[in-house]
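Structure, as structure tokens:
2 protein chains.
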Amino acid sequence: MRRIMLRVSYDGTGYSGWQEQENAITIERELNTALSSVTGEEISVIGASRTDAGVHAEGAVCVFDTDSRIPAEKFSYAANTRLPEAVRVWESTEVEPDFHPRHCSSEKTYEYRIWNDKFDNPLMSRYTHFIYRDMDVEAMNEAAKCLVGEHDFKSYCSTKAEVLTTVREIVAIGVERDPAEKRLVRITVTGKGFLYNMVRIIAGTLIEVGTGLRTVDSVKETLQKRDRESAGPTAPAKGLILKRMRFL
Amino acid sequence: MRRIMLRVSYDGTGYSGWQEQENAITIERELNTALSSVTGEEISVIGASRTDAGVHAEGAVCVFDTDSRIPAEKFSYAANTRLPEAVRVWESTEVEPDFHPRHCSSEKTYEYRIWNDKFDNPLMSRYTHFIYRDMDVEAMNEAAKCLVGEHDFKSYCSTKAEVLTTVREIVAIGVERDPAEKRLVRITVTGKGFLYNMVRIIAGTLIEVGTGLRTVDSVKETLQKRDRESAGPTAPAKGLILKRMRFL
């Protein structure tokens with residue numbers, strides 16, 4: 212029995228998120244179906260992160276166990292011939308049999324993308340959130356800095372989350388306009404773990420800073436209040452991309 | 212009666228191109244339907260260029276005549292409330308009543324986009340053509356240079372085209388990797404007019420140069436042969452974007 216790790220990209224549009232559930236098409240199910248077909252075994256992948264419905268990924272990670280003799284690096288090619296175009300495995304490697312992608316120290320980088328122009332752009336709208344008001348991106352970047360470090364992110368967590376602790380660590384966060392396409396704004400967040408909806412609530416709050424609906428200081432005040440009500444709205448799923456994962 | 216000019220972006224996926232035709236959903240029909248609803252008149256737009264099925268645009272142009280009293284610049288907003296998300300009007304202005312977007316001197320810029328990596332990327336595949344072989348982009352750029360100027364582009368024109376002359380002028384052409392995302396390759400072509408499938412055949416031929424299937428010199432030799440058979444294949448529609456139009 213070998214444990215294989217996959218790195219996966221997907222267009223989350225129309226998917227009910229990562230996690231397998233009844234009566235819903237999920238990324239996990241697509242991978243299980245493709246890999247079961249490749250191996251002739253009943254495969255159940257273990258994902259490193261469970262993205263919500265409509266969220267995209269360029270660097271999702273999962274593992275699965277198999278007795279198949281297919282060389283580890285060939286699983287990506289074999290899976291891709293059976294996966295829909297919206298899901299692609301771009302790396303497959305063998306890992307230690309006890310490697311569990313959620314029970315080890317890792318860093319994830321998420322990108323939240325905003326299209327900031329007078330009109331929405333059909334060629335961007337699948338993967339960006341459209342904001343027509345002019346945004347002060349420098350103010351957003353300044354406001355975000357207080358989130359770096361280990362904090363109780365209760366204000367930036369969905370009230371639906373059931374977790375033992377809402378303390379998490381953000382390693383880096385930045386907001387900037389794309390140098391070549393100024394209408395594209397990226398919020399990039401790297402952390403050792405994230406709460407339910409955390410990046411989308413941070414994005415929704417920073418957008419309010421950018422459009423002048425709240426002050427730069429309010430982002431820190433919200434952190435201290437430990438109250439979801441004091442943060443901004445949860446920004447739409449389609450602007451969020453899980454960019455990469457790094458195991459430490 | 213006033214003549215209004217629109218600048219339009221659209222995601223051409225799933226559309227049967229620009230031009231109105233029976234039993235097909237086209238960009239032209241979407242605009243006619245939306246503008247007729249806005250004005251209460253029966254509107255027929257005149258397009259500046261007729262993109263093929265699956266081709267995208269960020270800078271398509273069309274005009275229409277109306278007796279409506281809506282201020283010219285408001286048509287973009289009014290149309291967008293009635294258009295599907297895949298089509299957006301981002302500028303509307305009044306022009307001279309005799310301005311015809313196909314009967315005046317103009318320059319169009321097309322971009323052909325290629326995703327050049329070992330695996331396709333689901334977040335790019337809607338708007339790029341995937342090439343897994345490593346491409347020599349400098350060779351492509353060098354090969355393209357011979358196309359600049361006024362030439363008989365018969366070799367780079369679909370044999371289905373019915374035109375009086377296959378002479379056209381390319382003002383500029385360049386091939387380069389995106390500085391921030393090296394896997395994205397852009398062929399950018401500006402010209403005063405294009406033949407049927409011309410940019411896609413140029414792209415298909417340059418891709419053959421990039422992947423070593425033909426020499427740099429063969430692009431010029433093909434131009435001289437005036438024979439469609441000597442050029443490369445027509446690259447897929449989804450990689451092509453009409454970027455902008457300029458009236459001279």
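Those protein sequence lines, which keep their order, are chains A and B. Residues in the first sequence are numbered from 212 upward in steps of one, following my numbering. Residues in the second sequence are numbered from 212 upward in steps of one, following my numbering. Glycine included, each C-beta is placed from N, C-alpha and C at the ideal position. Computed from a prediction, not measured in an experiment: that's the story for all the values here.
- Assigned with DSSP and collapsed to three states, S303 (chain B) falls in strand.
- A383 (chain A) and P308 (chain A) have their C-alpha atoms roughly 31 Å apart.
- Distance from the Cα of V274 (chain B) is smallest, within the candidate group B:P295, B:L246 and B:H267, for B:L246.
- Taking 8 Å as the cut-off between beta carbons, the residues of the stretch 278-309 of chain A near chain B are S287, N291, E296, A297, V298, R299, V300 and W301, in sequence order.
- What H267 (chain B) touches in chain A, judged by beta-carbon distance under 9 Å, is P333 and L334, going in chain order.
- Under the Cβ distance rule, F330 (chain A) counts among the residues neighbouring chain B, one pair being separated by less than 8 Å.
- Taking all protein chains in view, the Cβ of L375 (chain A) is surrounded by fewer than 16 other Cβ atoms within 10 Å, so the residue is classified as exposed.
- Taking a Cβ-Cβ threshold of 8 Å, the residues of chain B close to Y338 (chain A) are L334, in chain order.
- Two segments are said to touch when three or more pairs of C-beta atoms, one from each, lie closer than 8 Å; by this definition the stretch 424-436 of chain B does not touch the stretch 274-293 of chain B.
- Residue range M409 to G421 is occupied by the alpha helix (DSSP H) that includes A414 (chain B).
- A Cβ-Cβ separation of about 5 Å places R299 (chain B) in contact with S220 (chain B) under the 8 Å criterion.
- Contact check for R324 (chain B) against L406 (chain B) fails: the beta carbons are separated by 8 Å or more.
- V420 (chain A) is positioned such that its CB atom lies no closer than 8 Å to that of Y321 (chain A).
- When Cβ-Cβ separations below 8 Å define contact, A391 (chain A) makes contact with chain B.
- DSSP assignment within the stretch 249-301 of chain B yields the following whole alpha helix (DSSP H) runs of 4 residues or more, N-terminal first: 286-293.
- For the stretch 217-232 of chain A, the set of residues with a beta-carbon nearer than 7 Å to any beta-carbon of chain B comprises S220, Y221 and D222, in chain order.
- For S429 (chain A), the uninterrupted alpha helix (DSSP H) segment begins and ends at D428 to K436.
- Rounded to whole angstroms, Y338 (chain B) and N408 (chain B) show a C-alpha spacing of 17 Å.
- Looking from the CA of V249 (chain A), the closest CA among A:T224, A:S336, A:T426 and A:P282 belongs to A:P282.
- With a minimum length of 4 residues, the unbroken runs of alpha helix (DSSP H) contained wholly in the stretch 347-395 of chain A fall at 348-355.
- Annotated three-state conformation of N332 (chain B) is coil, per DSSP.
- The secondary-structure analysis by DSSP pairs I238 (chain A) with nothing; it has no beta-bridge partner.
- For Y323 (chain B), the enclosing beta strand (DSSP E) has its first and last residue at S317 to N327.
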